[in-house]
Amino acid sequence: MKKILTTPIKDEDLLDLNIGDIVYLTGRLVTCRDVAHRRLIEQGRSLPVELKGGAIFHAGPIVRQDENGEFEMVSIGPTTSMRMEKFEKAFIKETGVKLVIGKGGMGPETAEGCAEYKAVHAVFPGGCAVLAATKVEEIEGAEWQDLGMPETMWINRVKEFGPLIISIDTKGNNLFEENKKRFNARRGPITEKIKAQVGFIS
Amino acid sequence: MVDNAAVQDMTDVMTKFTAYIGKRLPTDVKSKLAELRGNEKNEMANVIYDSMAENQDAADKLNRPSCQDTGVIQYFVSVGSKFPLLGELEAILRDATLGATKLGPLRHNAVEAFDEKNTGSNTGSRIPWLDWEIMPGEDSATIEVYMAGGGCTLPGASTVLMPGQGYEGVVDFVFDVITSRGVNACPPLLVGVGVSTAAETAARLSKKAILRSVGSHHPNPKAAKMETLLEEGLNELGIGPQGLTGSSSVMGVNIESSARHPSTIGVAVSTGCWAHRRGRIKFNSDLTYEILSHEGVVL
Numbered sequence: 001m002k003k004i005l006t007t008p009i010k011d012e013d014l015l016d017l018n019i020g021d022i023v024y025l026t027g028r029l030v031t032c033r034d035v036a037h038r039r040l041i042e043q044g045r046s047l048p049v050e051l052k053g054g055a056i057f058h059a060g061p062i063v064r065q066d067e068n069g070e071f072e073m074v075s076i077g078p079t080t081s082m083r084m085e086k087f088e089k090a091f092i093k094e095t096g097v098k099l100v101i102g103k104g105g106m107g108p109e110t111a112e113g114c115a116e117y118k119a120v121h122a123v124f125p126g127g128c129a130v131l132a133a134t135k136v137e138e139i140e141g142a143e144w145q146d147l148g149m150p151e152t153m154w155i156n157r158v159k160e161f162g163p164l165i166i167s168i169d170t171k172g173n174n175l176f177e178e179n180k181k182r183f184n185a186r187r188g189p190i191t192e193k194i195k196a197q198v199g200f201i202s
Numbered sequence: 203m204v205d206n207a208a209v210q211d212m213t214d215v216m217t218k219f220t221a222y223i224g225k226r227l228p229t230d231v232k233s234k235l236a237e238l239r240g241n242e243k244n245e246m247a248n249v250i251y252d253s254m255a256e257n258q259d260a261a262d263k264l265n266r267p268s269c270q271d272t273g274v275i276q277y278f279v280s281v282g283s284k285f286p287l288l289g290e291l292e293a294i295l296r297d298a299t300l301g302a303t304k305l306g307p308l309r310h311n312a313v314e315a316f317d318e319k320n321t322g323s324n325t326g327s328r329i330p331w332l333d334w335e336i337m338p339g340e341d342s343a344t345i346e347v348y349m350a351g352g353g354c355t356l357p358g359a360s361t362v363l364m365p366g367q368g369y370e371g372v373v374d375f376v377f378d379v380i381t382s383r384g385v386n387a388c389p390p391l392l393v394g395v396g397v398s399t400a401a402e403t404a405a406r407l408s409k410k411a412i413l414r415s416v417g418s419h420h421p422n423p424k425a426a427k428m429e430t431l432l433e434e435g436l437n438e439l440g441i442g443p444q445g446l447t448g449s450s451s452v453m454g455v456n457i458e459s460s461a462r463h464p465s466t467i468g469v470a471v472s473t474g475c476w477a478h479r480r481g482r483i484k485f486n487s488d489l490t491y492e493i494l495s496h497e498g499v500v501l
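Residue numbers (the working numbering), protein chains in the order written: chain S, 1 to 202; chain B, 203 to 501.
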């Protein structure tokens, strides 16, 4: 059975989730990436969207506007979450956001933030932007449009948005860090084997 | 005298082709992904491969860019010195980028450096980026369109090794890049490696390498062997789709090289994500054209 999270998300919705679990989101999902993080954390500006119990998406979509000014979500996939590592712990603390969706892993500070403030980071498969757009029912708003199309905070109503793979859970476990350890452990013997066959300078 | 109708014709074709490649993957990439998906044993990896396939179907049916990051547009041009529109090509490709941005639609991805303003048109100083090779005496033009997305551009790296580090040092460099930043760049990746004389010559060749077909090989047997060794070695790491582990890590490793200074080994890595959006089109002197990268295209 599909595990579905619904906004507003409460701490207890997240406590049983573990890294590697797959969930879906129904409710409100706000895009939020480099500059929005920087504005809140570095410049101390207040966000134009309330995110307590909410979900953000590290994403910069393609949006089309029709002649009546209505927005249509064309293509919305995740962007590299690691770019927000510098800000995310403070961002979780400031906003009370519960679900951070993006691509690839995040680092130890975000993991600390997730453990301290009971939030999770999840991965939506990168590049699957049309699949994601088909899960957006409506664009309910667009804030900070001065930042241009990718960086605008797009407020989306989504239904069963996923698959979302939990990469950091509320215990602070970090799936990508564990995988990296595994890759690094395997690496030595592999590269030694290759190096033994590429001594082309003699 | 410039033939304005010919300029308009070529601009139209390049506009449509540029928009097209954001929506459908080239034939070699599609078949490699199908092969990797067929061989995948890991359950989570299969969920991701299923999402990828579902996404490409939806992009095709809805006629939309399959990934929201349609990149900075780069054109790699191999043009004959006798191609009739040689002098007009730069303007044609700039107009094609403007047109494709509306037609796609493509995301606005050109941020002017220092002013830090998105131009909103995918054009800006030196963007679209053009790379030129002149073919003496020829009268055709082959143009490679590449959408350089942010995610798979981020791992790009270049350095200069000392000869004592040898090709062994190249192996370490490739593995460093892929196990650190490559994991987040939407694997399975197509890995391009440039082996050359300096940082920037290696960098350019590493990008040219990912424009080569998946499964193609360097003409030098030692380089070809190194491509296979790196591919097998990276796959043994088991990075999997999206870096979430799986039976493979890469679609392949392509090496491009040049002669080098005896005292230096320039090496660089460029990566293409699983949604490796590139297209190759060849124009004859009468502007009839053939699309070489995708089968069954009607523009």
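Note that the Cβ used here is the ideal one computed from N, Cα and C, for glycine as well.
- Closest in alpha carbon position to K52 (chain S), among S:T95, S:T80 and S:M1, is S:T95.
- When rounded, the separation of the alpha-carbon atoms in D146 (chain S) and C32 (chain S) is 14 Å.
- Taking the Cα positions, T299 (chain B) is about 23 Å away from T229 (chain B).
- For A55 (chain S), same chain residues with a beta-carbon under 8 Å away, outside a window of 5 residues either side, are L5, T7, I9, L25, G27, R28, L29, V30, V97, K98, L99, V100 and I101 in chain order.
- Between the C-alpha atoms of K86 (chain S) and G326 (chain B) there is a straight-line separation of about 29 Å.
- The three-state secondary structure of V499 (chain B), taken from DSSP, is coil.
- For A315 (chain B), no alpha helix (DSSP H) run applies, since DSSP gives it neither H nor E.
- Cα atoms of E116 (chain S) and V385 (chain B): separation of roughly 27 Å, rounded to the nearest angstrom.
- Proximity of N184 (chain S) to chain B, defined by a Cβ-Cβ separation below 8 Å, is satisfied.
- Burial is judged here by how many other beta carbons sit within 10 angstroms of a residue's own beta carbon; E67 (chain S) has fewer than 16 and is exposed.
- Chain S has no Cβ within less than 8 Å of the Cβ of N456 (chain B).
- Across the set S:V198, S:M1 and S:L15, the C-alpha of S:L15 shows the shortest separation from the C-alpha of T170 (chain S).
- Fully enclosed beta strand (DSSP E) runs of no fewer than 3 residues are not present anywhere in the stretch 401 to 425 of chain B.
- Listed along chain S, the residues sitting closer than 7 Å to I250 (chain B) by beta-carbon distance are P125.
- Along the stretch 305 to 374 of chain B, the beta strand (DSSP E) occurs as fully enclosed runs of 3 or more residues at 331 to 337, 343 to 350 and 359 to 363, listed in sequence order.
- For E370 (chain B), the nearest CB of chain S lies under 8 Å from its own CB, placing it at the interface with that chain.
- Spatial neighbours of C269 (chain B) in its own chain (CB-CB distance under 6 Å, excluding positions within 5 residues in sequence) are listed in chain order as A477.
- Interface annotation for the stretch 61 to 77 of chain S against chain B: P61, I62, R64, V74, S75, I76 and G77, criterion Cβ-Cβ distance under 7 Å.
- DSSP, reduced to helix, strand and coil, places A247 (chain B) within a helical segment of the structure shown.
- Here P389 (chain B) is buried, its C-beta having at least 16 other C-beta atoms within 10 Å.
- For the pair P357 (chain B) and V452 (chain B), the CB atoms are not nearer than the 8 Å cut-off.
- For R157 (chain S), no alpha helix (DSSP H) run applies; the uninterrupted beta strand (DSSP E) run containing it begins and ends at M153 to I168, by DSSP.
- For M453 (chain B), the uninterrupted beta strand (DSSP E) segment begins and ends at V452 to S459.
- In the DSSP secondary-structure assignment, M73 (chain S) is bridged to S:V63.
- I139 (chain S) is positioned such that its CB atom lies no closer than 8 Å to that of I22 (chain S).
- The C-beta distance from T447 (chain B) to L391 (chain B) rounds to 15 Å, too long to fall under 8 Å, and the pair is not in contact.
- Annotation for R480 (chain B): the continuous beta strand (DSSP E) segment containing it runs R480 to F485.
- Of all residues in the stretch 130 to 154 of chain S, the ones placed with a Cβ closer than 9 Å to any Cβ belonging to chain B are V130, L131, A132, A133, T134, L147, G148, M149, P150 and E151, in chain order.
- From the listed residues B:D341, B:G498, B:R383 and B:S233, the smallest Cα separation to G282 (chain B) is found for B:D341.
- Less than 8 Å divides the Cβ of T303 (chain B) from the Cβ of N324 (chain B).
- If you ignore the 5 residues before and after I457 (chain B), its C-beta comes within less than 7 Å of the C-beta of V395, V397, A411, H420, A425, M428 and E429, all in its own chain and listed in chain order.
- For H310 (chain B), the nearest CB of chain S lies under 8 Å from its own CB, placing it at the interface with that chain.
- Among the CB atoms of chain B, none fall inside 8 Å of the CB of K98 (chain S).
- For V123 (chain S), the uninterrupted beta strand (DSSP E) segment begins and ends at V120 to V123.
- Within the DSSP bridge table, the entry for Q276 (chain B) names B:W331 and B:Y348 as partners.
- Of the residues S:I19, S:G20 and S:K3, the one whose Cα lies closest to the Cα of D13 (chain S) is S:K3.
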